[in-house]
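In terms of this note's numbering, the sequence shown is numbered consecutively and its last residue is 144.
Positions of the beta carbon are idealized from the N, C-alpha and C atoms, including for glycine.
Model, not experiment: these values are computed from the prediction.
Step one of this worksheet: look at the structure below.
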Amino acid sequence: MNSSSQPPSDDLAVVIFLGISFLIAGIIYIMPSIIAFRRSHPNRWIILVINIAFGGTIIGWGIALVWAMRAAHRVGSTSNGGESGLNLFINDVKKIQVVEPPPLPQTSLSHELERLHGLLVQGAISQAEFDGLKAKLLGASAL
């Protein structure tokens, strides 16, 4: 007679098989979230929510997987962004207000001539450039 405390060996094999099957299925089910978190995707939390909420459907799981695998534009990269489709937290358009820049301070003629002479002494401009700029400056001030 079988004791009731231990199931038969056939039942134990079925339980182990089912346990391993559920474990593998669970890992496959959350694979998009695992990928998103391993890649530090900027939308990894949203991918996790979509994966858990809609992963039971093949379409929801596929969307989460594709989104997790796509590249995301990061600050400092040379691309223009938009590679990952739904970048909800990066590449957001920021509204800015364009305002006129403040007017440049008016410099006196003597300060401008000193600045040009300094450029000539430093070698930033040649003597011909200095003479031309000085002539323009003196011609504009004569008006």
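query: Can the beta-carbon of Ile48 be found less than 8 Å from the beta-carbon of Ala37?
result: Yes.
- prompt: Taking DSSP as the reference, what is the three-state secondary structure of His115?
  reply: A quick correction: the sequence has Glu, not His, at residue 115. Three-state DSSP puts Glu115 in a helix.
message: If you reduce the DSSP assignment to three classes, tell me which class Gln107 lands in.
response: Look at Gln107 here: in three-state DSSP terms it is coil, with no helix or strand label.
message: Am I right that Leu117 and Phe131 are in contact with their C-beta atoms under 8 Å? What's the rounded C-beta distance?
response: Contact between Leu117 and Phe131 holds, with the beta-carbon distance rounding to 6 Å and staying under 8 Å.
- prompt: Which two residues bound the contiguous alpha helix (DSSP H) that contains Ser22?
  reply: Unbroken alpha helix (DSSP H) run through Ser22: Ser10 to Tyr30.
message: Am I right that Val53 and Ile64 are in contact with their C-beta atoms under 8 Å? What's the rounded C-beta distance?
response: It is Ile, not Val, that sits at residue 53 in the sequence shown. The Cβ separation is near 13 Å, so there is no contact.
Burial state of Pro33 (16 or more Cβ within 10 Å): Its Cβ being crowded by 16 or more others within 10 Å, Pro33 is buried.
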